[in-house]
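J.:
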């Protein structure tokens, strides 16, 4: 069976499990099938399916019956909760020997292992090491139900597995978990869910709904129009046997319908590159989901970010307080803190409020601000740095307004900022202003209302005085703009002249954001120019030669062989290929010798040979860590080669 | 298989050691309890006097590296030394207390082995049985022992204290006829071979055997538990045990199983499971023409109907508990066949789901409203 990744989204992934003439797309469901003495698992919710045999016991391990199944259990690891780690360790050594023996008969591509929650992190790590060592790709989890009341253990367990195992591993959850928990569990890395809960709840006359379920007789009005529900007048009739299928009643059919809807919604949100929003939407169905998302955002964000594409076009809706801590947001803020610095030549920082329209410069308000800035002498314009203040991203330098997710978010604006929002944004502002090398910066805050509180907070922390230029809380009013102009001129008067090269600043700032502080200056000389038409790729030209492209939809800078040399020299965002010559347009993981662990899917990277010489540039498909640890599947899409 | 030390032995011991430290000092001159109950005799219903002696406890349970995963009986024994006289006084007082009542059998339990002379000296053993022998109405005496103490020497002495027409029966906790289950899931410390030898010895000394079987040891699925107990009963009968007593596991504090249960990964068996085990054993007995070799198939579950004992749903627990008692007394399946409850379908679905998932925590989905 082949594993074909479509997209990774943190611990979640959309992929195909492919056999000769059929495939199953994950995330998907699995169903207990067959007769009482001949049960097996059927994996897949579409027309094709994969089969899996039943797991053996963890204590008296004997490989269970198997025949032509696509997946076969080779072990059930004894690691239950409340077991001493010494017993787990001792038994693991025996199980390992047994597994190696079994693998002589059962091909590795079918091998599946069953694990379960344990109280000992040390034991879990030992188990995962063994799974990695034997290169087992299919890992099933059971005894998970008690963890629905223990989010901390649940998330630590799943995050440890998801971040340790290579990206082409597939996690199966055999426990019959209610469908309302699936979105967050998919987000934590589960790819295949047992649909058993639908049947179990049917047997108790429970009627499932999108966000939960209730006793059938407690539901007063029909809200579902599935085939089963449509065939009855009264909900109580659902308990009658289905005319077409005497083994099942209509309630079972309805519950199966609800559950299969859920898995499709998860897949769709992955396809749209926004599982996160779906998870946030589903959070209100149980406390487990909310608590788990918080734990993931707080404690496992580094691993999640490493498998989250850097460059996306999907719109982020910040509706809940959980949105402040989305991986994209946290990563953006981090890069501003680590990879952005106000140039030393800048003597004035002007802070503007954000606008609903993105990129900001295309909004009516920002058009006016820019016009006002343009009215100062061109020889002094270069002293001014524009900063845009927003929630939840914090501070966005004008040069980065195109970059994902700065131009891709939407937030309900009411004029009231929560305490949390103020803290996040003020923190970012303080950080950016305090890292300016020389302290001769004049800060003009052209903001109003709630932004003033935020700036006051920053002033307090920085022990610095801002100049406020918005009159009557109306930054776009003529009086305000004229005050801004006056304030700018009075500061600029005292300054000499300087050059103003917006194209160079834009390109260098984006390059720094992408690869690290200072690299932009090395990659792009002061005479480079941008050639572009609205909404078209922006070509970066130097001495009439194209040395880079910026994509307007994502703000991503694509490398060329010319700019790649700089990354090769610094050994940053590199992938080392273990052969001399690149063939075809894809570099596969099997050919990756080493890679920068900073690389995330969709990053533009350089390809080096074993002598560290540049041999090509391309786009990463999986993270740097995954390229090193995986042996299956594509790693880099090659764009240019030497 | 000759190894008798189970995979979980060390941890079972460490749990046991902790709870043994909490043992109370009991009055050594008083039995733990005694009462008269309805009982199934070899030939029909009758009354039994039950005496629970306060002894030092099970040798295996108290040994440094022994003890069973589900057993907390050692916690109820005495931390103080108990003399032969103490034991005789305990038995004497209990018997005298009920001497005016009518009873047909006497069951002596001592949370250990009656035939272990280190626990109950040979003097105490014979003295107690001699006291019982005086009651003409008593036709059966039942004691319990691990197989290693069922020796010809001890049995001959014991048997002599009872008249020939008084039936002596030794209850042996085989739990399962499968060595792997008995050793690894339970840590019982002996093999099926040892049991078979003990049965043979008992039969040769005019002593019958009652075999205790543990329904649903930890780490078996409900379905495996059903198969295991049915097979064990047939194996025991074929080896000469005329009585079978099926003990659905009840969760006792301080034990290894208690910790699993607290973590949600052990659920005591369903009444439906016990019912299907009993019916299938009888079916097998008839099919394999073993009826002549069987006196009774009993079950007297502890903690029945509670979350720590055998249970179904709250609607049918009481009815089932009553039905099992009636069945045991009359050895009549009809009553079991008459019970109807909608949770039977849930049980069947859970059997299927558990078999496929090896998830021991499915009791959580028995109340879906708590999850949704």
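Residue numbers (my numbering), protein chains in the order written: chain A, 1 to 642; chain B, 1 to 372.
Think of the CB as a built atom: it goes at the ideal place given N, C-alpha and C, for glycine as much as any other residue.
1) Have a look at residue 308/B and residue 125/B and give me their C-alpha separation to the nearest angstrom.
2) Quick check: what's the CA-CA separation for residue 289/B versus residue 322/B?
3) Which first and last residues belong to the beta strand (DSSP E) in which residue 131/B is found?
4) Under DSSP, the beta strand (DSSP E) around residue 99/A begins and ends at which residues?
5) What does residue 35/B pair with, by DSSP beta-bridge criteria?
6) Going by beta-carbon coordinates alone, are residue 357/A and residue 476/A separated by less than 7 Å?
7) From the DSSP output, which residues share a beta bridge with residue 30/A?
8) Where in the stretch 218–262 of chain A do unbroken runs of the alpha helix (DSSP H), each at least 4 residues long, occur, reported from the N-terminal end onward?
9) For residue 35/B, count neighbouring C-beta atoms within 10 Å of its own C-beta (all shown protein chains included) and say buried if the count is 16 or more, exposed if not.
10) Quick one: complete alpha helix (DSSP H) runs, 4+ long, within the stretch 555–584 of chain A?
11) Taking the alpha carbon of residue 346/A as the point to measure from, which residue in 533/A, 433/A and 32/A has its own alpha carbon closest?
12) Could you work out which residues of chain B lie near residue 41/A, taking near to mean beta carbons separated by less than 7 Å?
13) Could you check whether the Cβ of residue 577/A sits closer than 7 Å to any Cβ belonging to chain B?
14) Given a limit of 8 Å on CB to CB distance, which residues of the stretch 58–86 of chain A reach chain B?
15) Are the CB atoms of residue 385/A and residue 342/A nearer to each other than 7 Å?
16) Would you mind giving the Cβ-Cβ distance between residue 239/B and residue 199/B, rounded to the nearest angstrom? I have them listed as a contact below 8 Å.
17) What's the call for residue 156/B, buried or exposed, on a 16-neighbour Cβ count within 10 Å?
18) Could you run through the stretch 364–376 of chain A and flag, in chain order, every residue whose CB is less than 9 Å away from some CB of chain D?
19) Do residue 373/B and residue 271/B have their C-beta atoms closer together than 7 Å?
20) Which word fits residue 318/A, buried or exposed, when buried means at least 16 other C-beta atoms lie within 10 angstroms of its C-beta?
21) Label residue 164/B either buried or exposed according to how many other C-beta atoms from any shown protein chain fall within 10 Å of its C-beta, with 16 as the threshold for buried.
22) So residue 142/A contacts chain B; which residues on that side make the cut at Cβ distance below 9 Å?
23) So, is the C-beta of residue 247/B closer than 7 Å to a C-beta in chain A?
24) Kindly indicate the opening and closing residues of the beta strand (DSSP E) around residue 254/B.
25) Beta-carbon of residue 365/B versus every beta-carbon of chain A: anything under 7 Å?
26) For residue 264/B, decide whether its Cβ has a neighbour in chain A, counting only Cβ atoms nearer than 7 Å.
27) Any C-beta of chain B sitting closer than 7 Å to the C-beta of residue 206/A?
28) Could you pull the start and end residues of the alpha helix (DSSP H) that residue 168/B belongs to?
29) I need the DSSP call for residue 3/A, collapsed to helix, strand or coil.
30) Residue 407/B by DSSP, collapsed to three states: which one?
31) My output table needs one value for residue 1/B: the three-state DSSP class, helix, strand or coil.
32) Residue 13/A bridges to which residues according to DSSP?
33) Please classify residue 20/B as buried or exposed, where buried requires at least 16 other C-beta atoms within 10 Å of its C-beta.
34) For residue 478/A, count neighbouring C-beta atoms within 10 Å of its own C-beta (all shown protein chains included) and say buried if the count is 16 or more, exposed if not.
35) Going by C-alpha to C-alpha distance, which of 121/A, 140/A, 148/A and 103/A sits closest to residue 134/A?
36) Does the CB of residue 192/B have a neighbour CB from chain A at under 7 Å?
T.: Considering the structure as presented:
1) 34 Å
2) 30 Å
3) That residue, residue 131/B, is in no beta strand (DSSP E); its alpha helix (DSSP H) goes 122–133.
4) From DSSP, residue 99/A is part of no beta strand (DSSP E) but of the alpha helix (DSSP H) over 85–102.
5) 50/B
6) no
7) 43/A and 194/A
8) 227–230
9) exposed
10) 561–570
11) 433/A
12) 356
13) no
14) 58, 59, 60, 76, 78, 80, 81, 82, 83, 84 and 86
15) yes
16) 5 Å
17) exposed
18) Chain labels in this structure do not include chain D; the protein chains are A and B.
19) Since the displayed chain B opens at 1 and closes at 372, residue 373/B lies outside it and no answer follows.
20) buried
21) exposed
22) 357, 358, 359, 360 and 361
23) no
24) Note, residue 254/B: premise wrong, no beta strand (DSSP E); not H, not E.
25) yes
26) yes
27) yes
28) No alpha helix (DSSP H) holds residue 168/B; the beta strand (DSSP E) holding it covers 167–175.
29) strand
30) Summary: the structure shown does not reach residue 407/B, with chain B confined to residues 1 through 372, and so no result is reported for it.
31) Interpretation of residue 1/B is limited by its pLDDT of 42, a score under 50 that renders its predicted location unreliable; no figure is taken from the coordinates.
32) 8/A
33) buried
34) exposed
35) 103/A
36) no
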